[in-house]
Amino acid sequence: MGEAYEALMVQMRELDVIGQISGLLGWDQEVMMPPKAAAMRAEQLAWLSKEGHTRMTAPEVGELISAAESEVNGSEVEQGNIRIIRDSYD
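Here you go:
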């Protein structure tokens, strides 16, 4: 596993955490959230969505993808991950 791939995976794990938090807040909204908390919850979910999009479309992510693609020593799994991430990025 190359350095660029490892750095890319760190970014993707952070994006996954953002998605998990968003999912948890969405679940709470449907199950337990008091009705008067809707405005704040909307702000929270909007911020998470914006942050996830900003991180995923950052030029640094594109650079990491390109660098990881050029690391030829990756396994088939790593190459598949890079391909999926590239598709999402593009």
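The sequence shown runs 5 to 94 under the numbering used here. Cβ coordinates follow ideal geometry from the N, Cα and C atoms, glycine included.
Notebook entry, point to check: Which residues in the same chain as S74 place their Cβ atom closer than 8 Å to its Cβ, once the five residues preceding and following it in sequence are excluded?
Noted result: A8, listed in sequence order.
Assuming contact is defined by CB atoms lying nearer than 9 Å, are L28 and R45 in contact in what I supplied? Their beta carbons are not under 9 Å apart, which means L28 does not touch R45 by this criterion.
Q) Is it right to say V35 is buried, meaning 16 or more other beta carbons lie within 10 angstroms of its own, or is it exposed? A) With fewer than 16 other Cβ atoms within 10 Å, it is exposed.
* Run the CB neighbour count on V65, radius 10 Å, all protein chains shown included, and call it buried at 16 or more, exposed below. => A buried status is given to V65, since no fewer than 16 other beta-carbon atoms sit within 10 Å of its beta-carbon.
- Item | Segment contact flag, the segment 46 to 61 with the segment 79 to 86, C-beta cutoff 8 Å, min 3 pairs | The answer is no - the segment 79 to 86 does not touch the segment 46 to 61, with fewer than three Cβ pairs under 8 Å.
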